[in-house]
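Numbering (the numbering used here), first residue to last: 5 to 920. For glycine and all other residues, C-beta sits at the position ideal for the given N, C-alpha and C. This structure is a prediction, so every number in the text was calculated from the model and none was measured.
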Amino acid sequence: MMQSASVLVTTAFNWLDPLDVHSAYHAWRPGLRIVEVIPSEFELPEAFDIQFAINGRKLTLFEAEIYDLQPGDAVLATVIPLGGGGGKNPLATVAMAALLVTAPAIGGWLVSGAMSGMMSAGLISAEAAIGMAGAMGTAGAIAGGLVAVGGAVAINAVLPPGRVGSGRAIGADPLQESPNYGWAPTNPIENGRPVPILYGRKENFAPFKAGQFISTDGDKQYLNMLFIIGEGPVDAISDVKINGNPIGNYTEVVVETRQGTPDQSVIPAFNDAVSEQAVGVKISTNWHTVTLSGNNTQSIGIGISCLQGLWYANDKGGLDSLSVTIDMECRVIGATAWTHLDTQTITASQRAAVRRYWRYAVPTGHYEVRVRFNTPPASDTRHMSDTWWEYCHEIVPDDFRLPNMALFAVRALATDQLNGSAFTVTCTAERSTLPLPDGNGGTVSRPASNPAWMALDLLLNRRYGVAWPVSQVALQDFADAAAWCDEKGITGAMYFDTDMNFETAASYLGRFGRFRILPRGTSIGCISDRPEQFPDQGLLVTPANILNGTCGVGYAALTDRADAWEVTWFHPERGPETLFVPGEKYGTIAGRTPRIRQETLYPCTTEAQAYRWARYMDRCNRYLARTISLRCNVDALGSHVAPGRIIQIAHDLLHRTQSARVLTATPTEITLNRPVTLEPGTTYQVLVRHVDRQCADTGNELHESVTLAPVLQHTSTSTLHLAAPLQFAPSETATVTVGELGRNARWYRVLSIARTQDMRVQIEALEYDEAVYADEGQPPSIPSSATLPSVTALVATLMQVTEDLVAKRLVSLAWRGDAMRWSIFVRKLGSGGNAWWLAGTTADPSFIVRNLEVGFAYRIAVTATGHPADGQTVDVDFALNTPSGSIRPITAMDGGLEVPVYVTVGGEPTQLMGVF
Numbered sequence: 005m006m007q008s009a010s011v012l013v014t015t016a017f018n019w020l021d022p023l024d025v026h027s028a029y030h031a032w033r034p035g036l037r038i039v040e041v042i043p044s045e046f047e048l049p050e051a052f053d054i055q056f057a058i059n060g061r062k063l064t065l066f067e068a069e070i071y072d073l074q075p076g077d078a079v080l081a082t083v084i085p086l087g088g089g090g091g092k093n094p095l096a097t098v099a100m101a102a103l104l105v106t107a108p109a110i111g112g113w114l115v116s117g118a119m120s121g122m123m124s125a126g127l128i129s130a131e132a133a134i135g136m137a138g139a140m141g142t143a144g145a146i147a148g149g150l151v152a153v154g155g156a157v158a159i160n161a162v163l164p165p166g167r168v169g170s171g172r173a174i175g176a177d178p179l180q181e182s183p184n185y186g187w188a189p190t191n192p193i194e195n196g197r198p199v200p201i202l203y204g205r206k207e208n209f210a211p212f213k214a215g216q217f218i219s220t221d222g223d224k225q226y227l228n229m230l231f232i233i234g235e236g237p238v239d240a241i242s243d244v245k246i247n248g249n250p251i252g253n254y255t256e257v258v259v260e261t262r263q264g265t266p267d268q269s270v271i272p273a274f275n276d277a278v279s280e281q282a283v284g285v286k287i288s289t290n291w292h293t294v295t296l297s298g299n300n301t302q303s304i305g306i307g308i309s310c311l312q313g314l315w316y317a318n319d320k321g322g323l324d325s326l327s328v329t330i331d332m333e334c335r336v337i338g339a340t341a342w343t344h345l346d347t348q349t350i351t352a353s354q355r356a357a358v359r360r361y362w363r364y365a366v367p368t369g370h371y372e373v374r375v376r377f378n379t380p381p382a383s384d385t386r387h388m389s390d391t392w393w394e395y396c397h398e399i400v401p402d403d404f405r406l407p408n409m410a411l412f413a414v415r416a417l418a419t420d421q422l423n424g425s426a427f428t429v430t431c432t433a434e435r436s437t438l439p440l441p442d443g444n445g446g447t448v449s450r451p452a453s454n455p456a457w458m459a460l461d462l463l464l465n466r467r468y469g470v471a472w473p474v475s476q477v478a479l480q481d482f483a484d485a486a487a488w489c490d491e492k493g494i495t496g497a498m499y500f501d502t503d504m505n506f507e508t509a510a511s512y513l514g515r516f517g518r519f520r521i522l523p524r525g526t527s528i529g530c531i532s533d534r535p536e537q538f539p540d541q542g543l544l545v546t547p548a549n550i551l552n553g554t555c556g557v558g559y560a561a562l563t564d565r566a567d568a569w570e571v572t573w574f575h576p577e578r579g580p581e582t583l584f585v586p587g588e589k590y591g592t593i594a595g596r597t598p599r600i601r602q603e604t605l606y607p608c609t610t611e612a613q614a615y616r617w618a619r620y621m622d623r624c625n626r627y628l629a630r631t632i633s634l635r636c637n638v639d640a641l642g643s644h645v646a647p648g649r650i651i652q653i654a655h656d657l658l659h660r661t662q663s664a665r666v667l668t669a670t671p672t673e674i675t676l677n678r679p680v681t682l683e684p685g686t687t688y689q690v691l692v693r694h695v696d697r698q699c700a701d702t703g704n705e706l707h708e709s710v711t712l713a714p715v716l717q718h719t720s721t722s723t724l725h726l727a728a729p730l731q732f733a734p735s736e737t738a739t740v741t742v743g744e745l746g747r748n749a750r751w752y753r754v755l756s757i758a759r760t761q762d763m764r765v766q767i768e769a770l771e772y773d774e775a776v777y778a779d780e781g782q783p784p785s786i787p788s789s790a791t792l793p794s795v796t797a798l799v800a801t802l803m804q805v806t807e808d809l810v811a812k813r814l815v816s817l818a819w820r821g822d823a824m825r826w827s828i829f830v831r832k833l834g835s836g837g838n839a840w841w842l843a844g845t846t847a848d849p850s851f852i853v854r855n856l857e858v859g860f861a862y863r864i865a866v867t868a869t870g871h872p873a874d875g876q877t878v879d880v881d882f883a884l885n886t887p888s889g890s891i892r893p894i895t896a897m898d899g900g901l902e903v904p905v906y907v908t909v910g911g912e913p914t915q916l917m918g919v920f
């Protein structure tokens, strides 16, 4: 607690231990300097210096010497290494050195716990086949070099860690490179990307664009695009959008889907491999040559356009037909002679664009193509004959079915909004079940939204996973983890679209699903952080089992623990969102800045699950502080003791218990091989580990616990008298521990078991507390903008503006609402009315509608869904003489109520609006 008229002084002078920090209050007096409150006996090591800070502001040495302390000041003095960044991060080097010192000890744990099998998503490779076995041999060396990185991330509440790169090291985050887990999804197009893997239902994601080309049908151009969703089969592909607008809002659009079955049919327009090369050259009587890039071309396509039409202006003010004749030739690279492909004549009498496309089969090879006018066309002011070589296709004919790959193709009429320029295509896809082993030689369908089943599929799948043998997988472990996910309502969706190893992929799933995958001998198992059904039947470990001098207890520093959680999760429609969840002790620790831990849960798709995960982690921070490490002989452990299991530890020095072995016993009396001390007024409990009895519930050694008969005076005895009989009389050499009631043994969950030497094992364990697994509840209901409708208070304003020296009439729209993006639709009203057309999209609650034809009434809709009926509308009379101003409804009084007025425009009811 802060003292009045005092100064808080904090020193961190132990460069080998960054947690060795001391704080004390010093009485303040006028003229008090920093040198007077720093311990004078401190000896500064060579190559180190001291950094001072006042109230969080770093001081130069000169400032530290002359600064007069004030009441309430907080002084920090810490050791920093010279030359290592000039004190930019005074504790980072010290902490990193401490972590590196522990690398040999932790490295072995990483080897035993690391799943180093490579999983290149969607790629069958030698790495996937040998990854698990091959990588294990080098894991020890790798772990030793990477412990510092992992440690720095673990202590980021104290140190500002450097950003971890996007490589493939432990601690890296490959999904930071994902085009779908950022703030603005984009369709990846780079060659060499892995084929994605989908689990659950993923909405509004941007799949890989595998191909795109333009086709010509008469005078119309169509944009053809092929997208790969990922490994199939999937159950459904739907809700295809372009820049957030449903595909149906665009003209002449066709979508073809394939779900990724082995025998799926060819998608039209993509039965051949077409590579498009833009040319964009105005044709003349001189040859223009283009060199194609592929060396396996079997057909050549040539696209020609007269963008301003093709016509002759006659004397009557009309248009007569005009013709242009074009020569096309090709030759194999390195050849001397050119091969004549064709001579084509285009004839038209129109101002609209004229387009033609011809395709020619050629022998397989690497080609260059050239085009020119056969004869020069007329080109004076009355003739429009400008002709352009727009693009060239190199084609490899084949029926590409792309088996086992879920995909869809889009064919759309090229328009101003859809002309091949930058835009993003998104869709929704669902993979609801996974065929997984049932443990009896067969298969069973499991829900693909459960993180534990996702991880098992990645481990077993032979096409895109690790292909680990089923016989070497502890299937029941995964079933238990999946059952706990079901009980806690942990479901989600995952779209692996970047290259990563299995350990990384499993960590994304396990972090969210509260489990960890690790080796169990020669098999692969899974630890699920769930309550143990019979913790009191966990193996009892006493000093009789522990090798002398090998037991130690550690405590996580309370000052380093997170007080609050900032969890990033992924809304199905809006993408990444961040939820702040304060812990129960947030802001209550005096003199300490709250620690906020940032976490990203990639499979999480609901705010409620993100909230419950943060509450669960906060309980872990609150209740789990003690770790224990010990060594014992291999034969002292049962075969059932494995990572994830509960053990009971009763250590005489650490837990104030007294342990011994049984010499003789009856159900009511036990004689030990050493005396124990009992005090009057204290209730004692005896815990017995039977060596010849099994627990009916677990099938392991039976543990029994009863109270002792009270003693009236200080007693030292080797004979115990029980207050109630045991179910079975303990056998000779059975283990017994005596302690105060409720404090006889402490429960720990085994983290790792590693064989050391001479038939001995090292056990690392974390204390176990069932309070961690209580119901996390629901996120609090907080009024926010999320309760607003997507569009409200829509107002249209007629504007008269001058742009580029041209007077224009525009419609300015403004509104309020809760949405990430809005679409604006327009249609004419009345007898000359037409269907809705997309005017544009915006991320801001305002928009300028342009290019409206004067003399018509229009209905304008603003919507967040891409469907006009879901939004709000406003009617605009866009007449030439309509004044500028805000357009608002005209109302009339009817029975004392103000109601809107409607009129009929071309037989269609229209709300009467006025300009104000």
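| Query | Result |
| --- | --- |
| For Thr760, collect the residues of the same chain with a Cβ closer than 6 angstroms to its Cβ; drop the 5 residues on either side in sequence, then sort them by chain order. | Gln766 |
| Assess, as a yes-or-no matter, whether the segment 227 to 242 is touched by the segment 817 to 831 under the definition of 3 or more beta carbon pairs within less than 8 angstroms. | no |
| If distances are taken between C-alpha atoms only, which option among Leu463, Pro455, Trp472 comes closest to Gly514? | Pro455 |
| Please list the terminal residues of the continuous alpha helix (DSSP H) segment that includes Gln782. | Where Gln782 is concerned, there is no enclosing alpha helix (DSSP H), given that its DSSP letter is neither H nor E. |
| Based on the DSSP secondary-structure assignment, which residues constitute the bridge partners of Thr349? | Thr329 |
| Evaluate Tyr371 with the Cβ neighbour count: other Cβ atoms within 10 Å of its Cβ, from every protein chain shown; 16 or more gives buried, anything less gives exposed. | buried |
| Restricting to Cα atoms, I'd like to know which of Trp840, Asn855, Ser279, Ala865 is closest to Pro849. | Ala865 |
| When you compare only the Cα positions, how much space is there between Arg33 and Lys492? | 58 angstroms |
| Between the C-alpha atoms of Asp503 and Ile521, what's the straight-line distance to the nearest angstrom? | 20 angstroms |
| Would you decide whether Trp291 is buried or exposed? Buried here means 16 or more other CB atoms lie within 10 Å of its CB. | exposed |
| What does DSSP give as the partner residues of Asp981 in its beta bridges? | The structure shown does not extend to residue 981, since the chain spans only 5 to 920, so no value can be given for it. |
| Please name the residue in Gly496, Tyr752, Val690 whose C-alpha comes closest to that of Pro734. | Val690 |
| For His871, which beta-bridge partners are listed by DSSP? | Answer by DSSP bridge pairing: none, since His871 is not bridged. |
| How is Asn249 classed by DSSP in three states: helix, strand or coil? | strand |
| Which two residues bound the contiguous beta strand (DSSP E) that contains Ser720? | 719 to 725 |
| Just list the residues that DSSP pairs Trp751 with in beta bridges. | Gln652 |
| Run through the DSSP bridge pairs and tell me what Ser709 is partnered with. | Leu691 |
| Give the range of the beta strand (DSSP E) segment to which Leu498 is assigned. | A small fix is needed here, since residue 498 is Met in this sequence, not Leu. That run of the beta strand (DSSP E) goes 498 to 500. |
| Please confirm if the segment 524 to 533 is in contact with the segment 480 to 492, defined as three or more CB-CB distances below 8 angstroms between the two stretches. | yes |
| Can you list, in chain order, the residues of its chain whose CB lies under 7 angstroms from that of Ala713, leaving out five sequence neighbours each side? | His725, Leu726, Ala727 |
| Any beta-carbon of chain B closer than 7 angstroms to the one on Thr719? | The chain labelled as chain B is not found in the depicted structure, where only one protein chain is given. |
| Arg262 lies in the beta strand (DSSP E); which residues open and close that run? | 257 to 262 |
| Between Arg616 and the rest of its own chain, which residues show a CB-CB distance below 6 angstroms, the 5 nearest in sequence each way excluded? | Glu780 |
| Beta-carbon within less than 7 angstroms of His30's beta-carbon, same chain only, minus the 5 sequence neighbours each way: which residues are those? | Ser10, Val11, Val13, Val41 |
| Since Trp362 is in the beta strand (DSSP E), which residue starts that stretch and which ends it? | 358 to 369 |
| Is Val13 helix, strand or coil by DSSP? | strand |
| Could you tell me which uninterrupted beta strand (DSSP E) segments, each at least 3 residues in length, are contained entirely in the segment 410 to 459, listed from first to last along the chain? | 429 to 435, 437 to 441, 447 to 451 |
| Going by Cα to Cα distance, which pick from Gly685, Thr668, Ile232 is closest to Asn677? | Thr668 |
| According to DSSP, simplified to helix, strand and coil, what is Gln476? | helix |
| What three-state label does DSSP hand Asp481 in the structure shown? | helix |
| In angstroms with no decimal places, state the Cα-to-Cα distance between Val571 and Ala497. | 17 angstroms |
| Helix or strand or just coil, what does DSSP make of Met824? | coil |
| Return the Cβ separation of Ser663 and Pro547 in integer angstroms, given the expectation that the two are a contact with Cβ distance under 8 angstroms. | 5 angstroms |
| Can the beta-carbon of Val754 be found less than 7 angstroms from the beta-carbon of Ala769? | yes |
| Pick from Arg863, Ile674, Cys431: whose alpha carbon is nearest that of Phe882? | Arg863 |
| If you reduce the DSSP assignment to three classes, tell me which class Gly89 lands in. | Because Gly89 carries a pLDDT of 36, less than 50, the predicted location of this residue cannot be relied on, and no value is offered for it. |
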